[in-house]
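*Asks:* Before I ask anything, let me first share the structure, which is written out below as structure tokens.
In UniProt numbering, the protein residues as written are 1 to 365.
Written out as structure tokens, the structure is:
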């Protein structure tokens, strides 16, 4: 991927891990002032202050933000805390107003990221500017959409980029407001070298309890900061009241997190190098075993073809899934992992056997 500027090089005095905090929504000037006051009193001033000015809501009639007037209130933050501010922009008009009011950092929300037309319009509105942009993951776990939004910003000259991991919609997992799917931000960092990802535990959990656990996991996975919704009186917040914390609770939470040093910033010691070499050796053995397994699968495919048998046999599949999963669990492997692993192996096996049948069909003619 094309190079971009790291958060520390945005010219705003930011560093990793980046702590972003502030209310879900800017409500009144008095609210903003009180939050700033309590942040100073608790000595928990974040590096970057967030506030929602425009709020995308599913149903009409909900509070959709105070609009441009709220951008003027951000001067209160600059006056009291002397830190940069960030707001969400959902269309080109929002972006233009944010630039007009000299907002330091913009972010694109999950509902906007899913729409390439909207993202492109925002990108065009920002063409020629030097404002940093953070992009939240789309509502569904689609890595291409997430990367595509970042790429659209980069294509118009925005080279101060970061991503925000806020979780993904899941109608079945009730533990989270938005399921974290940790593999997605990790994969983004892997395929886009140097891309920093900020975790948003507020939107992942959707309530105050559980925020610390998710924030700690984000640090364990090597993510680059946290965005935590903070309000002086969360229970009376005009939006997302259940997931916001007070400045005092924010301080306690930050103090409780064990911030990890990314391995990229360190020279691994010899013990770690030895362990990694051991993993490399075991991976080679795994690949050899898989090669042998699929060689046998190919022989099974030949036998099925010669005896006019179907590729898929449900009874055999059920037997393999149940027996192998039980064996894996007995070896301290999770049931979820075993089922996903076996499903992938089975899919590849079916494809190989089906390919043999297709290649043999012209011979019958």
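Positions of the beta carbon are idealized from the N, C-alpha and C atoms, including for glycine. Note that this is a predicted model, so its numbers are computed, not measured.
May I have the straight-line CA-CA distance separating residue 46 from residue 22, to the nearest angstrom?
*Replies:* 8 Å
*Asks:* Can residue 198 and residue 225 be called in contact, C-beta distance under 7 Å?
*Replies:* yes
*Asks:* Could you check where the beta strand (DSSP E) with residue 163 kicks off and where it finishes?
*Replies:* 161-165
*Asks:* Can you tell me where the alpha helix (DSSP H) with residue 39 in it begins and where it stops?
*Replies:* 29-41
*Asks:* Buried or exposed: which applies to residue 145, given that a residue is buried once 16 or more other Cβ atoms fall within 10 Å of its Cβ?
*Replies:* buried
*Asks:* Assuming residue 229 is part of the beta strand (DSSP E), what are its boundary residues?
*Replies:* Per DSSP, the unbroken beta strand (DSSP E) holding residue 229 starts and ends at 225-229.
*Asks:* Could you tell me whether the Cβ atoms of residue 311 and residue 243 are closer together than 7 Å?
*Replies:* no
*Asks:* Cα separation between residue 140 and residue 168?
*Replies:* Computed Cα separation, rounded: 5 Å.
*Asks:* In whole angstroms, what separates the C-alpha of residue 357 from that of residue 305?
*Replies:* 6 Å
*Asks:* Can you determine whether any heavy atom of the ligand SAH sits closer than 6 Å to the C-beta of residue 270, and answer yes or no?
*Replies:* What this structure holds is no ligand at all, so the ligand SAH is not there to describe.
*Asks:* Using DSSP with H/G/I as helix, E/B as strand and the rest coil, what is residue 96?
*Replies:* Three-state result, residue 96: helix.
*Asks:* Roughly how many whole angstroms lie between the Cα atoms of residue 134 and residue 272?
*Replies:* 33 Å
*Asks:* Just the C-alpha distance for residue 72 and residue 159, rounded to the nearest angstrom, thanks.
*Replies:* 27 Å
*Asks:* Run through DSSP, which three-state label would residue 157 get?
*Replies:* coil
*Asks:* DSSP beta-bridge partners for residue 86?
*Replies:* Residue 86 is bridged to 50 and 105.
*Asks:* Out of 233, 253, 94 and 112, which one is the CA nearest neighbour of residue 44?
*Replies:* 253
*Asks:* Going straight from the alpha carbon of residue 321 to that of residue 342, what length do you get?
*Replies:* 7 Å
*Asks:* Using only the alpha-carbon positions, how far apart do residue 300 and residue 348 sit?
*Replies:* Note on geometry: alpha-carbon atoms of residue 300 and residue 348 lie some 13 Å from one another.
*Asks:* Along the chain, where does the alpha helix (DSSP H) that runs through residue 134 open and close?
*Replies:* If you look at residue 134, you'll find it isn't in any alpha helix (DSSP H); it sits in the beta strand (DSSP E) that goes 133-136.
*Asks:* Quick one: is residue 113 buried, meaning 16 or more other Cβ sit within 10 Å of its Cβ, or exposed?
*Replies:* buried
*Asks:* Is it right to say residue 287 is buried, meaning 16 or more other beta carbons lie within 10 angstroms of its own, or is it exposed?
*Replies:* exposed
*Asks:* Residue 241 to residue 285, Cα distance in whole Å?
*Replies:* 52 Å
*Asks:* By DSSP's criteria, residue 25 is part of a beta bridge. Which residues make up the other side?
*Replies:* 52
*Asks:* What separation, rounded to the nearest whole angstrom, lies between the Cα atoms of residue 3 and residue 154?
*Replies:* For residue 3 and residue 154, the gap between their C-alpha atoms comes out near 9 Å.
*Asks:* Along the chain, where does the alpha helix (DSSP H) containing residue 199 start, and where does it finish?
*Replies:* Unbroken run through residue 199 is the beta strand (DSSP E), 197-199; no alpha helix (DSSP H).
*Asks:* Can you give me the Cβ contacts of residue 83 inside the same chain, cut-off strictly under 6 Å, excluding the 5 residues immediately before and after it?
*Replies:* Taken in chain order, the residues that qualify are 49.
*Asks:* Quick check on the burial criterion: 16 or more other C-beta atoms within 10 angstroms. Buried or exposed for residue 364?
*Replies:* Residue placement at residue 364 is poorly supported in this model, since its pLDDT is 48, which falls under 50; the coordinates still yield a value, given next. That one is exposed.
*Asks:* Hey, residue 202 and residue 228 are a contact pair by Cβ (cut 8 Å); roughly how many whole angstroms apart?
*Replies:* 6 Å
*Asks:* Between the Cα of residue 5 and the Cα atoms of 194, 53 and 319, which residue gives the shortest distance?
*Replies:* 194
*Asks:* Shorter than 7 Å from the beta carbon of residue 242 to some beta carbon of chain C?
*Replies:* Among the protein chains of the structure shown there is no chain C, as only one such chain exists.
*Asks:* Return yes when the Cβ of residue 54 is within less than 7 Å of the Cβ of residue 86, no when it is not.
*Replies:* no
*Asks:* Can you tell me which of 96, 109 and 79 puts its alpha carbon nearest to the alpha carbon of residue 150?
*Replies:* Comparing C-alpha distances from residue 150 to each of 96, 109 and 79 shows the shortest one belongs to 109.
*Asks:* Are the beta-carbon atoms belonging to residue 92 and residue 125 less than 7 Å from one another?
*Replies:* yes
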